[in-house]
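Beneath this line is the structure, given in structure tokens, with notes to follow.
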Amino acid sequence: MSGPDVSVVICAYTEDRWEDILAAVSSVRAQSRPALETLLVVDHNETLRERLAKEYKEADAVRVLANAGPRGLSAGRNTGIAAARGEIVAFLDDDAVAERDWLRYFAEAYADPRVLAVGGRVVPVWASGRRPDWFPEEFDWVVGCTYRGLPRGRVRVRNVLGGNASFRRSAFDAAGGFATGIGRDGDKRPLGCEETELCIRLSRARPDAVLLIDDRAVIHHRVPEAREQFRYFRTRAYAEGLSKALVTRSVGAEKGLESERRYATRVLPAGVARGLRDALLARPGGAGRAGAIVAGVLTAAGGYVVGSVRARRGGTTFQVPEVEAAARE
């Protein structure tokens with residue numbers, strides 16, 4: 001099939017997601033546009049690495065690797081980038097499955113040589129079977145999914161979402177890899193924004209770069225019951241504030257909060273208004289959704305303030321590795 005070869009990187013860290021990991025790999029192997037390879041990067045869990053290596057020992061197109069860097073998602077992704085052989089490197093969460101044409105839509109976008117990153121749409125799969133009535137769609141980023149307020153279709157964006165994203169290999173030559181110290185570290189505090197920081201850094205290094213989201217490139221992301229609870233909602237919102245503080249320290253507040261300003265001044269007020277209207281019409285969850293939006297904003301703002309203070313005091317650091325150098329060694 002014509003077009004660039006695509007390597008898919010799936011980062012895993014716990015045996016608790018064993019069935020999810022197998023489903024993620026199966027969804028890649030079932031693509032209408034085949035991947036060149038699937039790289040399973042295991043984050044400092046030798047038992048899981050050995051188990052996966054046995055599971056896929058006969059599969060030429062699946063390679064199992066140990067995270068070669070510090071513990072955490074960013075270093076795991078960098079390990080996959082360094083080992084990947086494809087011109088395009090795509091990332092899929094270990095608890096998600098991709099629709100059949102996922103890679104086809106990614107590959108089509110790269111026909112334009114200016115395109116250096118393409119993301120897709122992430123649909124939540126609620127463990128309880130349905131969205132909690134109080135959970136606002138404007139905050140679906142809390143569970144790693146596409147949220148209300150993002151543009152539809154194939155459009156230019158500031159950054160892609162890390163759980164469903166792809167990059168041209170030359171993007172990492174220009175900007176380096178994912179910054180360690182920003183993203184997730186297993187089940188610890190759910191930090192994020194590493195893909196935001198990378199995309200802004202990439203746009204600075206390559207002002208001509210085009211970054212896209214194509215909402216036809218769909219994955220379905222499992223949301224466990226623990227993440228359907230308001231307690232997780234608040235924890236994740238607070239962690240997002242901490243993460244945004246790190247991003248603005250790296251790239252400045254103008255770019256680091258560019259999209260967030262529109263989200264906070266237009267999308268969220270409209271969400272509160274919808275929730276209050278639904279409450280007046282006695283529709284389920286309306287007041288809860290309005291309240292959750294207000295609580296989420298205040299909690300994230302609190303995290304941002306704390307994170308900014310810590311950053312000024314030098315209490316938090318991160319590094320940007322040159323992953324391509326590692327790949328050539």
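With full-length UniProt numbering applied, the sequence shown corresponds to residues 1 to 329, in that order. Using N, Cα and C, we set each Cβ at its ideal position, and we do this for glycine too. Nothing here was measured: the structure is a model prediction, and the numbers come from that model.
Check: According to DSSP, what are the bridge partners of E37?; Outcome: S7
Check: Taking the straight line between their C-alpha atoms, what separation do you get for R104 and V309?; Outcome: 44 Å
Check: How do the segment 110-119 and the segment 37-45 stand: do at least 3 beta-carbon pairs fall below 8 Å, yes or no?; Outcome: no
Check: Excluding the five sequence neighbours on either side, which residues of its own chain have a C-beta within less than 6 Å of the C-beta of Y238, listed in chain order?; Outcome: T299 and G303
Check: Between the segment 260-269 and the segment 153-168, do three or more beta carbon pairs fall short of 8 Å?; Outcome: no
Check: Kindly provide the ranges of any beta strand (DSSP E) runs that are 3 or more residues long and lie completely inside the segment 155-179, ordered along the chain.; Outcome: 164-168
Check: Determine the contact status of V294 and V267, defining contact as a CB-CB distance below 8 Å.; Outcome: no
Check: Please report the straight-line C-alpha distance between G256 and S243, rounded to a whole angstrom.; Outcome: Legend: pLDDT at G256 = 49, less than 50; position of this residue unreliable, no value from coordinates given.
Check: Does DSSP classify D214 as helix, strand or coil?; Outcome: strand
Check: Going by Cα to Cα distance, which pick from A292, V306, A311 and V247 is closest to F135?; Outcome: A292
Check: Of all the alpha helix (DSSP H) runs that stay within the bounds of the segment 72-135, which reach a length of 4 or more residues?; Outcome: 73-83 and 102-109
Check: Does the segment 50-69 come close enough to the segment 114-129 to have 3 or more Cβ pairs within less than 8 Å?; Outcome: no
Check: Please work out which residues of its chain come closer than 8 Å, Cβ to Cβ, to V155, disregarding the five sequence neighbours upstream and downstream, and give them in chain order.; Outcome: L212 and I213
Check: Are residue 401 and A98 close, meaning C-beta to C-beta below 8 Å?; Outcome: As displayed, the chain neither begins before 1 nor continues past 329, which places residue 401 out of reach and without an answer.
Check: For I219, write down the residues that DSSP places opposite it in a beta bridge.; Outcome: A98 and V122
Check: Determine, using beta carbons only, whether A205 and A174 come nearer to each other than 8 Å.; Outcome: yes
Check: Does the separation of the CB atoms of L202 and A209 fall below 8 Å?; Outcome: yes
Check: Determine the contact status of R236 and A127, defining contact as a CB-CB distance below 8 Å.; Outcome: no
Check: Does G144 come within less than 8 Å of chain C when only Cβ atoms are used?; Outcome: Of the chains in the structure shown, none is chain C; there is only one protein chain.
Check: With distances taken between CB atoms, is the gap from A270 to A279 smaller than 8 Å?; Outcome: no
Check: Please name the residue, chosen from L52, T265 and A179, that lies closest to I21 on a Cα-to-Cα basis.; Outcome: L52
Check: Using beta-carbon positions only, say whether R152 and L116 come within less than 8 Å of one another.; Outcome: no
Check: Tell whether a beta-carbon distance below 8 Å holds between V6 and A90.; Outcome: yes
Check: From which residue to which residue does the alpha helix (DSSP H) around R310 run?; Outcome: G286 to R312
Check: May I ask you to list the residues that DSSP assigns as paired with V62?; Outcome: T38
Check: Quick check on L268: does DSSP put it in helix, strand or coil?; Outcome: helix
Check: For E15, collect the residues of the same chain with a Cβ closer than 8 Å to its Cβ; drop the 5 residues on either side in sequence, then sort them by chain order.; Outcome: N45, T47, L48 and R51
Check: When you compare only the Cα positions, how much space is there between L92 and A12?; Outcome: 10 Å
Check: Between the C-alpha atoms of G149 and V297, what's the straight-line distance to the nearest angstrom?; Outcome: 15 Å
Check: By the DSSP assignment, the alpha helix (DSSP H) with C26 in it spans what residues?; Outcome: Here the sequence assigns Ser to residue 26, which means Cys is not the residue at that position. Residues W18 to R29.
Check: Three-state secondary structure (DSSP) at L48?; Outcome: helix
Check: Identify whether R148 lies in helix, strand or coil by the three-state DSSP scheme.; Outcome: strand
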